[in-house]
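The next block holds one structure in the form of structure tokens; read it before the comments.
Chains as they are written, first to last, in the working numbering: chain U, 1 to 372; chain S, 1001 to 1372.
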């Protein structure tokens, strides 16, 4: 992982903006997650958004936390049922809007929210605006994998149901940058999700994206391995899997559902007899380690990519551990200077894509000098 | 499940055509699977396709098997690397071609092959032809689920990367018919895979398919529950999940990969210490039951739907248990008169789709009188 070079370890040197409302478990859980992160990382300061009296009470209860939190009053809450189209017209008084505003104003480096995904993306696009050169922002998710870093990056997981070839190229660049700065993979291997690994297979936009990404890999500082399949998402062949938001969302939910099904079947198996219950007791610590490896709370951060600012979306049902994991991810990215590095990568990719589309030849003789 | 009405229980009354070649493990494994099925089901006769001397030797070794098998000599083999476009020009001498030919000629009710999927679909389309009214045939897979029948039907799992709204309607009809005749679900619940359950979400063709399937449900003898998500594929909300072959293939491989990852992590967890190894020993029978519930070999039959004849595609890596599971599925479908019932359903759906497309009104006043 890129190390901080500007004294990033000073107490309070990294500011994270946290939306305390909108999650399924309410602000007490969010504050508990903030407290857990604060204990572990003295470098973090927080700007916390929501109804001031309630937040002051919740934060006041935790020893030493009040000194590290600015509370920003916001009376309104974006609920899970609000439609994005309505939210962008009437959400000025909400904690979600306020949390994004802190990033927009440059007071905080990353915003964290466990609210409504569609509304969060809509507000983020409205207030932060897309990075120059980005057509469709993406949501990147971390996926438990067989790779040494423990996770793979999958994007887009549902920001936009469509993606054209140049969008997929940008997802490749942004995903590689995330793997580098968020997971510490120096030279990420990128694959394009398809129904087979042969080059003649798949939809037209995928064949074009295949050429674009291949041409941009060298300058992008990543290796392109070509088409990959659903079974590679959790495998060790690649670190970054690129796909459109429709396919990515369905793959994500299918994977989550399958892991949960196997876990539930496992529990039933152990509750089956006295002997198996005893066995479960004996194997407790091993089973807990297994649970930790596939625990969705540990990978609890969908990252919004392609905006003028970094936003981490936590699961709506996130508990204290989940919130804390999302804040940790936000902190790592802030410390690594991720947003600036990403912007530089995207700026570099945009002309490469148009040149490649125009000439059909690999581009990229311009040195960038950026280790983003 | 629909019960046979025509003396289906007579020894030798159901004929299954088996391609003995093309699987990763060779004809000895296929013959072992045939022998296992023959032991359990005295009603089945087999037509076995491949190099005669080798098959005669392999079958001759199994007591009583030779009397129940017709061997059809075919010297050629379709390999996993052959491209479908080449195969349809030059595969007349192969065991795969011959296996399909037995269904085409009416000698066998269902064909089973563990060869190259693309080639098998191409040859099946070439020789059996599409059912009248079917635009795109589909591959239906069984998925371990929380439903009482233990499995859900997912289609298309990869026959065609595209599907328009009328194709998705036919998948719904065919999938419901499969759930009824193959899984014994009297009134299947059908869902359309999307990135959210709200009606305004998703691609245009999905919104149109949503209306078409809703209008056809009553006459089709199934319940339509609307849009479902990736997490419903293994859930208890629906019995049949309808999607295009691109999405279905990626979901299938993501689910398989996730189950395998969790299984491998579980093994590692149990090998972690002496105590956990001992625990694994104690829990052996429970763990075996778990393995059986999620064993892909037990659901080892991709079913080709929409042709003038039924073809079961077994996993290329299928072992004896896997081959036997595929033959069992073929036998159940043959005994239930599945092919005729399916054809009747499709014939009924075709005019419904065009009428609905033309008038945008729900159709279906014509009684069908068919319990297919």
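Positions of the beta carbon are idealized from the N, C-alpha and C atoms, including for glycine.
Query raised in the report: Can you name the residues that DSSP bridges to residue 1151 of chain S?
Result: S:1144
Requested in this report: In angstroms with no decimal places, state the Cα-to-Cα distance between residue 369 of chain U and residue 221 of chain U.
Outcome: Low per-residue confidence applies at residue 369 of chain U: pLDDT is 32, beneath 50, and the placement is therefore not dependable, though the value from the model is reported in the following sentence. Distance between the alpha carbons of residue 369 of chain U and residue 221 of chain U is about 11 Å.
Query raised in the report: What residues match up with residue 1071 of chain S in a beta bridge as DSSP calls it?
Result: S:1048
Query raised in the report: Which same chain residues, not among the five before or five after residue 1230 of chain S, have their C-beta less than 8 Å away from its C-beta?
Result: 1193, 1251
Query - residue 1271 of chain S versus U:240, U:282, U:51, U:275, residue with shortest Cα-Cα distance - result: U:282
**Report entry** Within chain U, partners of residue 1256 of chain S - CB distance below 9 Å
**Finding:** 230, 231, 258
Requested in this report: Quick one: which residues of the stretch 131 to 148 of chain U get their C-beta closer than 8 Å to a C-beta of chain S? List them in chain order.
Outcome: 144, 145, 146
Query raised in the report: For the putative contact between residue 1190 of chain S and residue 1165 of chain S, defined by C-beta atoms under 8 Å, what is the C-beta separation to the nearest angstrom?
Result: The pair is not a contact, with the Cβ atoms about 15 Å apart (cut-off 8 Å).
**Report entry** Three-way DSSP call (helix, strand, coil) for residue 1243 of chain S in this model
**Finding:** coil
Query raised in the report: So which residues on chain S does residue 270 of chain U lean against when the C-beta distance must stay under 7 Å?
Result: 1283, 1286
**Report entry** Where residue 1253 of chain S meets chain U, residues with beta-carbon distance less than 7 Å
**Finding:** 229, 230, 231
Query raised in the report: Residues in its own chain within less than 8 Å of residue 1070 of chain S by CB, not counting five upstream and five downstream?
Result: 1045, 1046, 1047, 1048
Query raised in the report: Considering only residues of the same chain and omitting the five flanking positions on each side of residue 50 of chain U, which have a CB-CB separation below 7 Å?
Result: 20, 21, 27, 74, 95
Query raised in the report: Taking the alpha-carbon positions, what's the residue 76 of chain U to residue 93 of chain U distance?
Result: 5 Å
Requested in this report: Assuming residue 15 of chain U contacts residue 108 of chain U (C-beta within less than 8 Å), just tell me the rounded distance between them.
Outcome: 4 Å
Report task. Tell me the start and end of each unbroken alpha helix (DSSP H) in the stretch 1178 to 1241 of chain S that is at least 4 residues and wholly inside, in chain order. Result -> 1204 to 1220
**Report entry** Between the CA atoms of residue 1187 of chain S and residue 1211 of chain S - distance to the nearest angstrom
**Finding:** 20 Å
Report task. Taking 8 Å as the cut-off, decide whether the C-beta atoms of residue 311 of chain U and residue 111 of chain U are in contact. Result -> yes
**Report entry** Straight-line Cα distance separating residue 1148 of chain S from residue 1236 of chain S
**Finding:** 8 Å
Query raised in the report: Are the beta-carbon atoms of residue 119 of chain U and residue 82 of chain U separated by less than 8 Å?
Result: yes
Requested in this report: Please list, in chain order, all residues of the same chain as residue 24 of chain U whose beta carbon is under 6 Å from its beta carbon, the five residues on each side excluded.
Outcome: 316, 317
Query raised in the report: If we ignore side chains and look at the alpha-carbon of each, how far apart do residue 291 of chain U and residue 1278 of chain S end up?
Result: 19 Å
Report task. Could you check which residue in U:66, U:289, U:72, U:87 has the C-alpha nearest to that of residue 17 of chain U? Result -> U:72
**Report entry** Same chain, Cβ closer than 7 Å to residue 58 of chain U, five either side skipped, listed in chain order
**Finding:** 27, 28, 31
Query raised in the report: Helix, strand or coil: how does DSSP classify residue 13 of chain U here?
Result: coil
Requested in this report: Consider the Cβ of residue 1290 of chain S: report whether some Cβ of chain U lies at a distance smaller than 8 Å.
Outcome: yes
Query raised in the report: So who's on the other strand from residue 138 of chain U, going by DSSP bridges?
Result: U:305
Query raised in the report: Is residue 76 of chain U helix, strand or coil by DSSP?
Result: strand
Requested in this report: Starting from the Cα of residue 137 of chain U, find the closest Cα among U:144, U:321, U:143, U:168 and give me that residue.
Outcome: U:168
Requested in this report: Could you work out which residues of chain U lie near residue 1317 of chain S, taking near to mean beta carbons separated by less than 7 Å?
Outcome: Within chain U, no residue comes near residue 1317 of chain S; the closest Cβ sits about 13 Å away, beyond 7 Å.
Requested in this report: Could you confirm whether any beta carbon from chain S is found closer than 8 Å to the beta carbon of residue 262 of chain U?
Outcome: yes
Query raised in the report: Which chain S residues sit within Cβ distance under 8 Å of residue 185 of chain U?
Result: Those do not exist, as residue 185 of chain U stays about 19 Å from chain S at its closest Cβ, beyond 8 Å.
Query - DSSP beta-bridge partners of residue 1313 of chain S - result: S:1113, S:1302
Query - chain S contact for residue 168 of chain U (CB, 8 Å cutoff) - result: no
Query raised in the report: Between residue 249 of chain U and chain S, is there a C-beta pair that is closer than 8 Å?
Result: yes
Query raised in the report: Which residues bound the alpha helix (DSSP H) around residue 1086 of chain S?
Result: 1084 to 1090
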